[in-house]
Every structure is written in structure tokens, then in C-alpha cells.
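K.L.:
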Amino acid sequence: MVGLKITGWTILLTFAMTVISATNQADEVQNVTKRVPAEWEPQEAIWMQWPGYWEKESEIAFAKIADIVSRYEKLHILYHSDQVYADARKAMSDIGADPQHTNIQWHAVPYDNSWMRDNGPVYVLNGNELRIQNWEFDGWGGAFGSDIPFNLDNIVPIKVGKILNMPVDHIDIVHERGNLEFNGSDTVILNWSTIGDSNRNLAYSKKQAEEDLREYFGVRQVIFIEGVPEGDLTKGHIDGIARFIGSRTVVVVRCTSRSLCRPDSTDAEIYDKAAKIIEMEGFNVIREPIEGFVNHKDQMFDTNYMNWLVGNGFVIVPGFGNPETDITAKSRIESYFPDR
154 MVGLKITGWT ILLTFAMTVI SATNQADEVQ NVTKRVPAEW EPQEAIWMQW
204 PGYWEKESEI AFAKIADIVS RYEKLHILYH SDQVYADARK AMSDIGADPQ
254 HTNIQWHAVP YDNSWMRDNG PVYVLNGNEL RIQNWEFDGW GGAFGSDIPF
304 NLDNIVPIKV GKILNMPVDH IDIVHERGNL EFNGSDTVIL NWSTIGDSNR
354 NLAYSKKQAE EDLREYFGVR QVIFIEGVPE GDLTKGHIDG IARFIGSRTV
404 VVVRCTSRSL CRPDSTDAEI YDKAAKIIEM EGFNVIREPI EGFVNHKDQM
454 FDTNYMNWLV GNGFVIVPGF GNPETDITAK SRIESYFPDR
């Protein structure tokens with residue numbers, strides 16, 4: 154999770170969100186009693202936790218994201234102090250956005266960090282009832298250090314449930330929403346290296362995980378990929394590796410000769426194996442090439458654009474301040490979502 158430079162259309166940190174979807178998908182889900190809506194379905198709102206101390210340098214990125222989202226749909230923004238609230242409104246005003254836009258609702262809710270896609274609610278439709286699932290959150294298995302707090306993040310879904318007057322089901326398993334990809338009907342894709350991490354869930358078997366995922370999400374098909382890309386402290390969240398763009402189509406990242414991860418690297422093996430597993434499960438696979446890399450604070454990063462956010466009529470895509478790769482990635486991702 155790195156905040157990089159924003160230029161033009163490019164915006165980072167789309168993984169700071171979580172989405173409510175409350176409408177039914179097409180014919181294939183009519184007989185499904187429990188499901189997690191796909192990200193591209195019509196949404197009631199998008200939620201975000203505003204950056205505080207830990208992610209202060211990302212504040213302008215969040216302001217730009219908030220500005221775009223509020224043009225298309227409702228946006229709920231959490232803030233954990235009066236100072237953060239004041240800083241958030243100023244950041245939005247500084248970029249010409251309206252912090253009091255009619256689509257924006259502000260909520261004073263305690264939290265620790267700003268990565269709500271990971272610690273926030275999982276929304277599950279059970280029949281016609283939309284419910285929140287509150288999975289355990291422990292700060293990514295402690296991967297970012299023992300000084301990173303997470304106890305307040307862990308109860309954010311409960312707070313959201315109270316705001317929405319929505320029932321909350323507690324799931325006593327440590328896992329992050331950023332490691333779950335749903336097609337909206339019968340399938341979830343996730344990285345076993347994350348949910349099976351012993352720092353998160355000690356002695357948790359793949360067989361038990363599959364049973365739990367079927368029960369809690371109502372899915373018929375559970376697809377595990379495995380492997381941790383170099384430097385990924387989340388232990389390989391699926392939203393940086395493979396994303397559904399339709400009920401039967403998945404985009405999977407691919408290393409190239411122009412990326413840090415070379416075609417013969419361990420990372421390439423992880424991505425290629427993921428693509429093969431997903432194809433063998435009966436899905437169409439599109440490969441999304443990594444076509445460059447950037448230097449941020451003396452660290453090198455591949456320009457991986459997979460961590461996008463889909464909303465009502467728009468898609469927000471990561472950007473790296475690299476015009477050549479940013480523009481070509483934007484064009485590709487536009488082709489994945491031609492109606493947005």
C-alpha cells in the first residue's frame with residue numbers, strides 16, 4: 154500500500170474503499186439465496202476512512218477520489234477526530250471539490266488506518282436482506298510492524314452497521330476484503346497465502362476455509378490461487394493479482410520484459426499459475442501486462458494497475474506519474490468496462 158504521485162487522470166489508493174451493493178444482478182443469480190454482489194453492480198454508496206497520522210501524504214489522493222465518487226453516487230466518509238475532519242474538508246477545498254456536496258455524508262467513527270477495503274464490511278445479500286459481515290482484522294497479520302494499531306479498525310463494520318441500521322454477523326476468522334473477488338453469483342477467488350497465513354489463522358486448513366467460504370458467502374465455487382509477490386506485505390491480496398470484470402471473465406496481471414518482475418521470475422510464475430488455475434475452472438482470462446516501473450522514495454515499484462475501484466458509471470484506476478504506462482493502462486481498463 155503505497156501512495157504515489159497523482160498526475161492528470163491518475164489516482165491512487167482505490168483500495169481505501171468498500172462498497173455497498175443492494176440490487177440484484179442478472180438472470181444467473183435469481184435462484185441464489187445468499188451472495189456477495191459484484192463490484193460492478195448498481196451501488197447505494199461508497200465508503201472511505203479518511204487518512205490520519207499514518208497516511209497523511211495520501212490525503213490529496215483521497216480528496217481527488219472523494220471528488221470523483223461524489224459526482225456519481227453517495228459517499229460516506231469516516232473521520233476519527235475533529236482535526237482529521239478539518240484537514241479532510243481543507244484538502245477537498247484545496248483541489249476545488251465541495252466537502253459539503255449533497256452526495257457526501259461525514260461520520261465521526263474511531264479507526265486506526267485508512268484502508269477500509271481491507272478492514273471494512275463485507276456486504277452479503279441473504280434473500281432480499283442485505284447484511285454486513287464483520288471478519289476479524291489484525292493489521293495484515295502484523296506484517297507492517299507491531300507499532301501499527303488495528304483494534305479500532307477491527308470494529309468499523311459494527312459502527313457502519315449501526316449507522317445503516319443493518320444487521321451485522323461476526324465471523325471469527327482473520328481476513329481482509331481486499332483478498333476477495335466475487336462474480337456476484339456463485340464464485341469467489343482468493344489467495345490462500347493470505348487467509349491461510351499462520352500469523353492470521355493458526356492451523357487453518359484449506360478444506361476448512363473452503364467450507365467456511367461456501368457457508369458465509371453462498372458460493373458454489375471457491376478458487377484458491379497461491380503465492381506472495383515480492384515485497385507484498387499483505388501476503389498477496391487478490392485485488393493486485395486477479396479481478397473479475399464480468400461473471401465469467403477475469404483479468405490476471407502479467408510480467409513483461411519492461412517490468413521489474415521478469416517473465417522468468419517467481420512473481421511471473423505466481424501470476425501465470427493463477428491464470429491457468431482460473432482458466433481450468435472454466436473462466437475466460439485476460440492478461441493485464443505490467444509495462445514499466447517507478448521509483449518512489451528510493452524504492453522501485455512495478456506499475457500494476459489492478460487495484461481499481463468500480464462505481465456507478467465510473468472506474469478509478471491507480472496511477473504512477475508515468476505518462477506512457479498510465480495512458481496505455483487507462484485505455485486497456487476502459488475496454489474492460491465499456492459502459493463506464
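For reference, each letter of the sequence shown is one residue, going 154 to 493 in this note's numbering. Yeah, the Cβ is synthetic: ideal placement off N, Cα and C, and Gly gets one too.
1) If you compare alpha carbons, which of 402, 310 and 230 is closest to residue 274?
2) Assuming residue 510 and residue 390 are in contact, meaning their beta carbons sit under 8 Å apart, how far apart are those beta carbons, in whole angstroms?
3) Between the segment 379-397 and the segment 358-367, are three or more C-beta pairs nearer than 8 Å?
4) Here's the rule I'm using: 16 or more other beta-carbon atoms within 10 Å means buried, otherwise exposed. How should residue 249 be labelled?
5) Residue 387 by DSSP, collapsed to three states: which one?
6) Measuring only the C-alpha atoms, how far is residue 470 from residue 442?
7) How many Å lie between residue 329 and residue 438 at the Cα?
8) Just checking my contact of residue 193 with residue 463 at CB under 8 Å: how many whole Å lie between their CB atoms?
9) Per DSSP, which one or two residues make a beta bridge with residue 219?
10) On a CA-only basis, which of 221, 197, 346 and 241 is nearest residue 205? Give me that one, please.
11) Determine, using beta carbons only, whether residue 436 and residue 401 come nearer to each other than 7 Å.
12) Rounded to whole angstroms, what's the CA-CA distance from residue 303 to residue 266? Just pull it up for me.
13) Report the CB separation of residue 374 from residue 324 in whole angstroms; it is logged as a contact under 8 Å.
14) Classify residue 345 as helix, strand or coil using the three-state DSSP reduction.
15) What is the rounded straight-line gap between the Cα of residue 296 and the Cα of residue 387?
16) What does the alpha-carbon distance come out to for the pair residue 357 and residue 269?
P.N.:
This is what the structure gives:
1) 310
2) The structure shown does not extend to residue 510, since the chain is modelled only from 154 through 493, so no value can be given for it.
3) no
4) exposed
5) coil
6) 15 Å
7) 24 Å
8) 5 Å
9) Partner(s): none; residue 219 has no beta bridge.
10) 241
11) yes
12) 7 Å
13) Not confirmed; about 20 Å, so no contact.
14) helix
15) 7 Å
16) 25 Å
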